[in-house]
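Enquirer: My structure is below; once you've seen it, I'll send some questions.
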Amino acid sequence: MDKMQKKPETEEEIDIDLNDPEVEKAAVKIQNQFAKLKKARNSKPVSKEPAKS
Numbered sequence: 000m001d002k003m004q005k006k007p008e009t010e011e012e013i014d015i016d017l018n019d020p021e022v023e024k025a026a027v028k029i030q031n032q033f034a035k036l037k038k039a040r041n042s043k044p045v046s047k048e049p050a051k052s
């Protein structure tokens, strides 16, 4: 039963320099992709009629 014991979970502390220009560039890229995704989802035509088979 020793194999079934869970290892204690350790939280890894992540230290990100929010003033780093590379971090800022990455954040802007992520935000742009998210905005594109939302725009694509909102532009899909929404049909209220049930699909005919």
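Heads up: the sequence shown begins at 0 in this note's numbering, then just goes up one per residue. Glycine is no exception: its CB is placed at the ideal position from the N, C-alpha and C atoms.
Could you tell me the alpha carbon to alpha carbon distance between K6 and D14, rounded to whole angstroms?
Expert: Start at 1 with the first residue of the sequence shown, and residue 6 comes out as number 7. Start at 1 with the first residue of the sequence shown, and residue 14 comes out as number 15. Their backbone Cα atoms lie some 24 angstroms apart in a straight line.
Enquirer: Nearest-angstrom Cα distance between A26 and K43?
Expert: In the sequence shown, the residue the question calls residue 26 occupies position 27. In the sequence shown, the residue the question calls residue 43 occupies position 44. C-alpha separation (whole angstroms): 26 angstroms.
Enquirer: For Q30, which three-state DSSP category applies?
Expert: Within the sequence shown, numbered from 1, the residue matching residue 30 stands at position 31. Residue state, collapsed to three classes: helix.
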